[in-house]
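Asker: Here it is: the structure, laid out below.
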């Protein structure tokens, strides 16, 4: 499948580690997942509200969560997490496809949503991706998920296909 | 029950074929297998037909098979189901993206949105 990307590459994104203050005045560390504890990520997904799942992920039960994390925390993937004290509040990932491009997804715990953490996660993930030489990133999002679509557009993603249940968006780095 | 199973040559469509044949051998439902050309599949149409026939032969059942060579197989499946009084359309689909997201292809999506009969998606 050939995907349509924006003609121009996006500018430079911030790289991990960085600390932001979210809109609830919480200090949030955005760090590479290599520097985080996998168990704390498992904890986050066990706390994840099933109503916030999209397109079948994340899995609900612990064993499938661990298997899924095994896949997306592999060496050829790029992962960042957002931490508030010792709690993992959010996670963003880039996973290679078979065409030399990468699929992106972000997850933010319900208690931390709407505070700007998703934007910080995506920007920092793309900065980490740039440092790793990744230049083509795409994602799919459900067409009714307007807050997510607005976030991706703000960061620089453009819609590449809107013909199906999901909107596909892409960015050139 | 009259079942209309569509197979387009994806791995998930063969899985749906195998599961439907097993189920039909228990329930005695009246099955028709429609083989359609899926432009997202690399294998040529003759190979797909042969593989479907092999699966059917292994099952010991002998459901009638039909071919759709139409450019919009989803629409043709819906037409057949409606005009010939089928009770249910069965399709395989819902592959996973690299990240694990479930993705429906355009044919499955068309049938889900447009069929007047119940649709079973095997994934």
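Chains as they are written, first to last, in the numbering used here: chain B, 2 to 174; chain L, 6 to 128.
Quick reminder that beta carbons are idealized off the backbone N, C-alpha and C, glycines included.
Here the structure is a predicted model, which means the values were calculated and not measured.
#1: Less than 9 Å between the C-beta atoms of residue 36 of chain B and residue 18 of chain B, yes or no?
#2: What does the Cβ neighbour count give for residue 118 of chain L, buried or exposed, with the cut at 16 atoms within 10 Å?
#3: Return no unless some Cβ of chain L is closer than 9 Å to the Cβ of residue 57 of chain B.
#4: Here's the rule I'm using: 16 or more other beta-carbon atoms within 10 Å means buried, otherwise exposed. How should residue 99 of chain B be labelled?
#5: What residues match up with residue 30 of chain B in a beta bridge as DSSP calls it?
#6: Using a cut-off of 9 Å between C-beta atoms, extract the partners of residue 20 of chain L located in chain B.
#7: Per DSSP, residue 170 of chain B forms a beta bridge with which residues?
#8: Which value, in whole angstroms, describes the spacing of the CA atoms of residue 92 of chain B and residue 10 of chain L?
#9: Bridge partners of residue 61 of chain B, per DSSP?
#10: With a CB to CB cut of under 7 Å and the five nearest residues on each side skipped, what residues in its chain are close to residue 23 of chain L?
#11: In the DSSP assignment, find the unbroken alpha helix (DSSP H) run with residue 20 of chain L in it and report its ends.
#12: To which residues of the same chain is residue 125 of chain L closer than 7 Å at the C-beta, ignoring the five residues directly before and after it?
#13: Can you determine whether any heavy atom of the ligand GDP sits closer than 8 Å to the C-beta of residue 133 of chain B, and answer yes or no?
#14: Which first and last residues belong to the beta strand (DSSP E) in which residue 125 of chain L is found?
#15: Take the Cβ of residue 18 of chain L as the centre, count every other Cβ of all protein chains shown within 10 Å, and call the residue buried at 16 or more, exposed below.
#16: Does the contact criterion of 3 or more C-beta pairs under 8 Å hold for the region 122-133 of chain B versus the region 62-74 of chain B?
#17: Taking all protein chains shown into account, do 16 or more other C-beta atoms lie within 10 angstroms of the C-beta of residue 56 of chain B, making it buried, or fewer, making it exposed?
#18: If you reduce the DSSP assignment to three classes, tell me which class residue 56 of chain L lands in.
#19: Can you tell me whether DSSP reads residue 111 of chain B as helix, strand or coil?
#20: Which whole-angstrom value is the C-beta distance of residue 71 of chain L and residue 39 of chain L, which I expect to be below 8 Å?
#21: On the DSSP letters alone, give me the boundaries of the alpha helix (DSSP H) that residue 44 of chain L sits inside.
#22: For residue 93 of chain B, decide whether its Cβ has a neighbour in chain L, counting only Cβ atoms nearer than 9 Å.
#23: Consult DSSP for residue 10 of chain L and reduce its assignment to one of helix, strand or coil.
#24: Do residue 4 of chain L and residue 67 of chain L have their C-beta atoms within less than 9 Å of each other?
#25: List the residues of chain L whose Cβ lies closer than 8 Å to the Cβ of residue 141 of chain B, in chain order.
#26: Taking all protein chains shown into account, decide if residue 128 of chain B is buried (16 or more other Cβ within 10 angstroms of its Cβ) or exposed.
#27: Say whether chain L places a C-beta atom closer than 9 Å to the C-beta of residue 126 of chain B.
#28: Determine, using beta carbons only, whether residue 123 of chain L comes closer than 9 Å to chain B.
#29: Check whether chain L comes within 9 Å of residue 105 of chain B, counting only Cβ atoms and requiring the distance to be less than that.
Answerer: Considering the structure as presented:
#1: Result yes, Cβ atoms of residue 36 of chain B and residue 18 of chain B sit closer than 9 Å.
#2: Its Cβ having fewer than 16 others within 10 Å, residue 118 of chain L is exposed.
#3: The beta-carbon of residue 57 of chain B is placed less than 9 Å from the nearest beta-carbon of chain L.
#4: By the 10 Å Cβ count, residue 99 of chain B comes out exposed.
#5: B:20 and B:84, per the DSSP bridge assignment.
#6: Residues of chain B whose Cβ lies closer than 9 Å to the Cβ of residue 20 of chain L do not exist; the shortest such Cβ separation is about 17 Å.
#7: B:140 and B:160, per the DSSP bridge assignment.
#8: About 40 Å.
#9: Its beta-bridge partners do not exist; DSSP assigns none.
#10: Only 60 meet the Cβ criterion.
#11: Bounds of the alpha helix (DSSP H) holding residue 20 of chain L are 16-32.
#12: Answer for residue 125 of chain L: 93 and 95, listed in chain order.
#13: Among the components of this structure there are no ligands whatsoever, and the ligand GDP is therefore not found.
#14: Residue 125 of chain L -> beta strand (DSSP E) spans 124-127.
#15: With 16 or more other Cβ atoms from the protein chains shown falling within 10 Å of its own Cβ, residue 18 of chain L counts as buried.
#16: The answer is no - the region 62-74 of chain B does not touch the region 122-133 of chain B, with fewer than three Cβ pairs under 8 Å.
#17: Residue 56 of chain B comes out buried.
#18: Residue 56 of chain L carries a helical assignment under DSSP once its states are collapsed to helix, strand and coil.
#19: Secondary structure at residue 111 of chain B: helix, using DSSP grouped into helix, strand and coil.
#20: Their Cβ separation, rounded to whole angstroms, is 5 Å, which keeps residue 71 of chain L and residue 39 of chain L in contact under 8 Å.
#21: Residue 44 of chain L -> no alpha helix (DSSP H), and no H or E assigned at all.
#22: For residue 93 of chain B, the answer is no, since every Cβ of chain L falls outside 9 Å of its Cβ.
#23: Here residue 10 of chain L sits in strand by DSSP.
#24: Chain L is shown only over 6 to 128; residue 4 of chain L falls outside these bounds and no answer can be derived.
#25: In chain order: 102, 106 and 108.
#26: Result: buried.
#27: For residue 126 of chain B, the nearest beta carbon of chain L is not closer than 9 Å to its own beta carbon.
#28: No - not a single Cβ of chain B is within 9 Å of the one on residue 123 of chain L.
#29: With 9 Å as the cut-off, residue 105 of chain B counts as an interface residue toward chain L.
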